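Going by my numbering, 546 is the number at position 394 of the sequence shown; the sequence numbering is gapless.
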Amino acid sequence: MCVGATPPPPSRLTRRGVLAGAAAFAGTMAAAGSAVASAADRDGDSPAAGRVGAGAAVRGGSLVIEGGTLLDPATGEVTENAVVVIEDGTVRAGGRRGRVTVPRDAEVLDAHGRWILPGLVDAHIHLSTAAEARAAVLKGATSARSGSTSFYQDIAVRDLARHSPALAPRLTAAGVFVTPDLGDSLLAGPELTPLVRLKEGVRSAEALRRVVEVNLDRGADVIKTRVNERAGLPEQDPLAQVYSHEQLAEIVAAARRRGKGVLCHSYSEQGCHDAVTAGIRSLEHGAFVGERTLREMRRRGTYFTPTLTAIAGLAESTNPVLAERGRAYLPVLKRAVLAAHELGVPLAAGTDSSGGIVRPIGREVELMRAAGLPALDAIRTATTGAARLLGHERTVGRLARGFAGDAILVDGDPLADVTTLMRPVRVVRAGIPV
């Protein structure tokens, strides 16, 4: 799957410029400005120009969630009549009512009759606009990892989340795709445009290193590359390999020199194996990954982000080639997911949402459950498991002391019916109800 082309922002590519451009493309600048002001007022900060600079952190909100049933994905513990105290965007206490001290005059969110879970993590999503970022939060993804964008919009979304958390998920940004044909991403900045002269595309060791280095210089947190062609384009063969083991190893080495990991778009077993043995951090899609590669992933601690939601979406396509591809790939991928789980390969949930359509991360949890995972383990792929992949295992994925004040409220027991996660009735982001 993965991201398609998006119109470029203004030629002067600053973080502020990308942010403004992304909001303009979404047609949400006015709405975003209003929401920024609202969030800033809640955070105790004025929305006046210049008071909050790009990348500056604004305190989160303070809130008490009380009366619901609290699920801790890490332990599986269920606490009825629970209270969660969030101060300045961070959980200060959580547990059964009567055992938790509630601050006086605290804003209270009534959760009676509902289940309380930590905000979910979408470990593979393409957020190119302010509207998409807001939609992801409203659908329960309070943290996310970008699967790349065409013009560094994800880096701007990451900074939007830092100073106005109600507007965007906490985001790990990937920058632009390291792929043989950069397409219009060559226009993402003057550092990339000389690559247009390469007749073979981005394939040489020098060119591969160059794209990685430009991404990291722009502030990318991770590097995204591919080993196979795309499943979402009917004219491409998803089993055709575009990079060799040696080329992938060059990308991984360039990222590691700067302390960063690599996520890799993949489908064929050989491609998956080459990517894993080249040292990637996580395998994306991976429909035809085989047992030898899964065992290697377990040995190395390589994550598997299958994006079942995206493959299921192919099966619903009006294009007959894509629809047939989706119907053929989905059962194969489900079997791979169950095999990975049984072997002990770490799994992370990701929707691969892109192109203005933001799918609920709860759908991925539902498909993990349908693949054969127990309900709690399926929930962990979008909480503690995905948080560990993103390096947030001490701050995301639980509602325990010191963790982020991100939460969702759902109608119904998710351990009995994980589909409740597809329809959060309330979302709290950094202590701010959204």
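A virtual CB, placed ideally from N, CA and C, is assigned to each residue, including glycine. It should be emphasised that the depicted structure is a prediction, and the values quoted were computed from it without experimental measurement.
Residue i and residue j: beta carbons closer than 8 Å?
i	j	result
I307	G557	no
L400	A359	no
T461	L368	no
V484	M449	no
R286	A258	no
G503	P225	Going by the sequence as given, residue 503 is Thr instead of Gly. Not a contact, by the Cβ cut-off of 8 Å.
L573	G507	no
G423	Q393	yes
E476	G442	no
S300	G335	no
R249	E284	no
V586	L350	no
R362	L338	no
S302	A325	no
Closest to residue i by CA distance: which of the options is it?
i	options	result
G592	D336, T331 and A467	Absent from the model: residue 592. The displayed extent of the chain is 153 to 586, so no value can be given.
P390	P255, N380, P332 and G543	N380
E232	H264, R546 and P255	H264
V562	V579, R444, S337 and R515	V579
H493	V441, A283, L339 and G524	G524
A318	P332, G213, L222 and R248	G213
E436	V260, D311 and T454	T454
L567	I268, T242 and L261	I268
G583	I463, D240 and D224	D240
A407	I432, P386, L499 and F303	I432
A491	A439, P472, T470 and S469	A439
Y419	R409, R362, G478 and R410	G478
D274	Q305, R521 and V510	V510
R447	G465, A430 and H425	H425
I277	R546, A522, G543 and P458	P458
C416	R409, S396 and R410	S396
K486	I463, D373, S469 and E352	I463
D133	S302, R382 and G220	The shown model of the chain, from 153 to 586, leaves out residue 133, and the question about it has no answer.
R382	P332, A488 and G554	P332
G271	L482, V230, E229 and A538	A538
G411	A522, G543 and P512	G543
D373	D311, E352, S316 and E398	D311
G564	R266, R251 and V252	R266
T227	D529, R575 and G554	D529
Can you round the beta-carbon distance between residue i and residue j to whole angstroms, since I take them to be within the 8 Å contact cut?
i	j	result
V366	I375	Between I375 and V366 the Cβ distance is about 11 Å, and since that is not below 8 Å, they are no contact.
A527	V570	5 Å
A246	V236	Note that residue 246 corresponds to Gly in the displayed sequence, not to Ala. Their Cβ separation, rounded to whole angstroms, is 4 Å, which keeps G246 and V236 in contact under 8 Å.
G292	I560	5 Å
V260	V216	5 Å
L223	L279	Actually they do not touch by this definition, with Cβ atoms about 27 Å apart.
R581	T294	5 Å
A500	L541	5 Å
T533	V548	That pair is no contact at about 13 Å.
V96	V330	This structure does not reach residue 96, given that the chain is present from 153 up to 586, and the question cannot be answered.
Y304	A340	6 Å
T445	I403	Not quite, the Cβ-Cβ distance comes to about 18 Å (not below 8 Å), so this is no contact.
P386	V473	4 Å
Going by DSSP, name the residue or residues bridged to residue i.
i	result
H315	Its beta-bridge partners do not exist; DSSP assigns none.
L223	V230
A293	L272
H417	R378 and E436
S298	I277
Q393	N380
R578	L561
S506	I509
L215	I238
V330	T377
L499	F456
P585	V580
G556	The sequence given here places Ala at residue 556; Gly does not occur at that position. T242.
Starting from residue i, follow the beta strand (DSSP E) in both directions and report where the run begins and ends.
i	result
N367	Here N367 belongs to no beta strand (DSSP E); instead the alpha helix (DSSP H) covers A357 to D369.
T324	R322 to T324
A340	Taken as a continuous stretch (DSSP letters only), A340 belongs to no beta strand (DSSP E), as it is neither H nor E.
L261	V260 to D262
Y455	Y455 to T457
Does the ligand HEM have a heavy atom nearer than 7 Å to the CB of residue i?
i	result
T242	The ligand HEM is not among the ligands present in this structure, which contains no ligands whatsoever.
How far does the alpha helix (DSSP H) with residue i in it extend, from its first residue to its last?
i	result
G246	Taken as a continuous stretch (DSSP letters only), G246 belongs to no alpha helix (DSSP H), being part of the beta strand (DSSP E) at T242 to R248.
R540	T536 to L541
D529	A527 to R532
H493	P472 to L495
L567	That residue, L567, is in no alpha helix (DSSP H); it is neither H nor E in DSSP.
T572	Per DSSP, T572 belongs to no alpha helix (DSSP H) and is neither H nor E.
E352	Premise fails: E352 is in no alpha helix (DSSP H) and is neither H nor E.
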